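Chemist: Starting off with a structure, shown below.
Number of protein chains: 2
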Amino acid sequence: MIALDAIDVRILNALQKNGRLTNVELAEQVSLSASPCLRRVRLLEEAGIITGYRAQLDPACLGLGMSVFVDLRLSHHNDAASDEFEAAILRLNNVINCYLVSGSADYRLEVLVKDLQGYEVLLRQLQCLPHVKDIQSNFVIRSVKAQAPMPIAAS
Amino acid sequence: MIALDAIDVRILNALQKNGRLTNVELAEQVSLSASPCLRRVRLLEEAGIITGYRAQLDPACLGLGMSVFVDLRLSHHNDAASDEFEAAILRLNNVINCYLVSGSADYRLEVLVKDLQGYEVLLRQLQCLPHVKDIQSNFVIRSVKAQAPMPIAAS
DNA sequence: TAAATATTGGACTATAATGCTAATTATTAA
DNA sequence: TTAATAATTAGCATTATAGTCCAATATTTA
């Protein structure tokens, strides 16, 4: 874990808000001239602190207005079963996130679909996945806070 | 919902993968010359399909190696209680996502903390929030698939 | 088919990225 | 505290990119 000074923190916060800031704009915001600013950004990228830049899309505009959390249990908990299941999950494009979690479920998925019909299709796909024993769904009614910037502390 | 042709879909997919592609690079990838490519990107931004660009950071590098889903129930379900609770959630920087969900919980939060100690601190803050009755936590053991690109269909 | 509309490609200007060097700042050791 | 060293920064020059304008092409519609 690389030490971040106050300027690095400002850079990271600015790029979390707007990943397409030009280096000149970024340098202004963090009170630095362009070249050292660029040097710091490159170092943050090389250090793996900045892992990439993504355009954020509005799922509703893309016909993906329904978001669902799907909790899933497997019938077998050996490595082979997990690997097979996870490989299948990676192929399902409507599954945006998938975590192995503690608690009553094994996996928690976050899924984007158009509507209940789309959800039904996906549910059937999930039920057919290898080693799936149990599925429970929670629908997102409203998003209160989404993809908030990470809290960064200088170190 | 604006109609997207095949070129728009390619643009959106390319920018989901890399939001800092130069317009020239993007134009090459979608087999278009620079100026119409730029025009399309601007239209996608103005239409609200592209909502922004963000740098992706590695939480582990920032001392936020622990991710937890927190399910939360309120004691009262009137508007005032919800509003007060949601306002408080917006102020908690370790809460990255917060959704109103169906099912046994009212709200589902996604939380980033350094470790169990950090989690304990946050848990106490959540318990002190107005109208909170019940809290249940699920720890993320491993991320199988994270922030996968949205599946986009031409229309 | 022909007219109208939308989209594209290319030239040009303004702006930004990037590498280099000198100067400044911070750090270490005496 | 001062001097020496190392790290970081600012400014400048060069190259690349963004963004605008207009003519040409493709598409749509009657």
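Residue numbers (full-length UniProt numbering), protein chains in the order written: chain P, 1 to 155; chain Z, 1 to 155. Backbone N, C-alpha and C define an ideal beta-carbon position, used for all residues, glycine too. In this text, all values refer to a predicted model and were calculated from it rather than measured experimentally.
Which residues does DSSP list as the beta-bridge partners of P/F139?
Modeler: As a first step, residue 139 of chain P is located in the first sequence; it is residue number 139 there, counting from the start. P/F139 pairs with P/V68.
Chemist: Does the CB of Z/D58 have a neighbour CB from chain P at under 8 Å?
Modeler: Looking up residue 58 of chain Z in the second sequence gives position 58. Chain P contact via Cβ: present.
Chemist: Less than 8 Å separating the beta-carbons of P/N18 and P/C37?
Modeler: Here the question's residue 18 of chain P lines up with position 18 in the first sequence. Here the question's residue 37 of chain P lines up with position 37 in the first sequence. Contact: no.
Chemist: What does DSSP give as the partner residues of P/Q56 in its beta bridges?
Modeler: Within the first sequence, residue 56 of chain P is the residue found at index 56, counting from 1. DSSP, once it has assigned bridges, lists Z/G52 as partnering P/Q56.
Chemist: DSSP three-state label for Z/R91, please.
Modeler: Sequence index remark: in the second sequence, residue 91 of chain Z carries index 91 (1-based). The answer is helix: DSSP assigns Z/R91 an H, G or I state.
Chemist: Any C-beta of chain Z sitting closer than 8 Å to the C-beta of P/Y119?
Modeler: One-based indexing of the first sequence puts residue 119 of chain P at position 119. Judged by the 8 Å Cβ criterion, P/Y119 is not in contact with chain Z.
Chemist: Could you tell me which residues DSSP puts in a beta bridge with Z/V101?
Modeler: In the second sequence, residue 101 of chain Z corresponds to position 101, counting from 1. Per DSSP, P/V140.
Chemist: Please classify Z/L74: does DSSP put it in a helix, a strand, or coil?
Modeler: Taking the first residue of the second sequence as 1, we reach residue 74 of chain Z at position 74. Correct three-state label for Z/L74: strand.
Chemist: Tell me which residues of the segment 91-112 of chain Z have at least one Cβ-Cβ distance to chain P shorter than 8 Å, keeping chain order.
Modeler: Of all residues in the segment 91-112 of chain Z, N93, N94, V95, I96, N97, C98, Y99, L100, V101, S102, G103, A105, Y107, R108, L112 have a Cβ within less than 8 Å of some Cβ in chain P.
Chemist: Between P/R73 and P/P130, what straight-line distance do the alpha-carbon atoms span, to the nearest angstrom?
Modeler: By 1-based counting over the first sequence, the position of residue 73 of chain P is 73. By 1-based counting over the first sequence, the position of residue 130 of chain P is 130. Straight-line Cα distance between these residues: approximately 11 Å.
Chemist: Kindly say whether P/I141, judged by its beta-carbon, lies nearer than 8 Å to any beta-carbon of chain Z.
Modeler: Walking along the first sequence from the start, residue 141 of chain P turns up at place 141. Yes, P/I141 counts as interfacial toward chain Z.
Chemist: Can you have a look at P/L43 and say buried or exposed, based on whether 16 or more other CB atoms are within 10 angstroms of its CB?
Modeler: As a working mapping, residue 43 of chain P is identified with position 43 in the first sequence. P/L43 comes out exposed.
Chemist: Starting from P/R20, trace the beta strand (DSSP E) in both directions and tell me its first and last residue.
Modeler: For the purposes of this step, residue 20 of chain P is taken as residue 20 along the first sequence, with counting starting at 1. Element bounds for P/R20: n/a, residue is neither H nor E.
Chemist: Strictly below 8 Å CB to CB, what residues from chain P border Z/R20?
Modeler: Position 20 of the second sequence, counting from 1, holds the residue named residue 20 of chain Z. Neighbours of Z/R20 on chain P, chain order: G19, R20, Y53.
Chemist: Establish whether the CB of Z/I135 and some CB of chain P are separated by less than 8 Å.
Modeler: Numbered from 1 along the second sequence, position 135 holds the residue referred to as residue 135 of chain Z. Not closer than 8 Å to any Cβ of chain P, the Cβ of Z/I135 fails to qualify, so no.
Chemist: Going along chain Z in order, which residues have a C-beta closer than 8 Å to the C-beta of P/V144?
Modeler: Numbered from its first residue, the first sequence carries residue 144 of chain P at position 144. Chain Z residues near P/V144: E86, I89, L90, C98, Y99, L100, Y107.
Chemist: Is there a Cβ of chain Z sitting closer than 8 Å to that of P/C37, yes or no?
Modeler: Locating residue 37 of chain P in the first sequence gives position 37, counting from the first residue. No, no contact with chain Z.
Chemist: Can you give, in chain order, each stretch of the alpha helix (DSSP H) that sits fully within the segment 24-49 of chain Z and has at least 4 residues?
Modeler: As far as the segment 24-49 of chain Z is concerned, its whole alpha helix (DSSP H) runs of at least 4 residues are 34-46.
Chemist: For P/D134, which of helix, strand or coil comes out of DSSP?
Modeler: Numbered from 1 along the first sequence, position 134 holds the residue referred to as residue 134 of chain P. Note: P/D134 maps to strand in three-state DSSP.
Chemist: If distances are taken between C-alpha atoms only, which option among Z/E110, Z/P151, Z/N93 comes closest to residue 156 of chain P?
Modeler: Look at the range of chain P in this structure, 1 to 155, and you will see that residue 156 of chain P is not part of it.
Chemist: 8 Å is my cut-off, CB to CB: does Z/Q16 come that close to chain P?
Modeler: Within the second sequence, the letter at position 16 stands for residue 16 of chain Z. Cβ-Cβ to chain P under 8 Å: yes for Z/Q16.
Chemist: Could you give the C-beta distance for Z/N138 and P/S102, rounded to a whole number, given that I count them as a contact under 8 Å?
Modeler: Start at 1 with the first residue of the second sequence, and residue 138 of chain Z comes out as number 138. Start at 1 with the first residue of the first sequence, and residue 102 of chain P comes out as number 102. That belief holds up - the Cβ atoms of Z/N138 and P/S102 are roughly 6 Å apart, short of 8 Å.
Chemist: Could you spell out the range, first to last residue, of the beta strand (DSSP E) harbouring P/L109?
Modeler: Stepping through the first sequence from its first residue, residue 109 of chain P is reached at position 109. From DSSP, the beta strand (DSSP E) with P/L109 extends over 107-113.
Chemist: Pull up the CB-CB distance for P/I141 and P/V70, whole angstroms please, since I reckon it's below 8 Å.
Modeler: As a first step, residue 141 of chain P must be located in the first sequence, where it is residue number 141. As a first step, residue 70 of chain P must be located in the first sequence, where it is residue number 70. The Cβ separation is near 16 Å, so there is no contact.
Chemist: Exposed or buried, what is P/N94 when buried is set at 16 or more other beta-carbons lying within 10 Å of its beta-carbon?
Modeler: Taking the first sequence and counting its residues from 1, the one referred to as residue 94 of chain P is at position 94. Looking at its Cβ environment, which holds 16 or more other Cβ atoms inside 10 Å, P/N94 is buried.
Chemist: When the Cα of P/A6 is compared with those of P/S67, P/S31, P/Q16, which residue comes out closest?
Modeler: Numbered from its first residue, the first sequence carries residue 6 of chain P at position 6. Of P/S67, P/S31, P/Q16, the residue nearest in Cα terms is P/S31.
Chemist: Following the continuous alpha helix (DSSP H) through P/Q127, name the residue where it begins and the one where it ends.
Modeler: As a position in the first sequence, residue 127 of chain P is number 127, starting the count at 1. That run of the alpha helix (DSSP H) goes 116-128.
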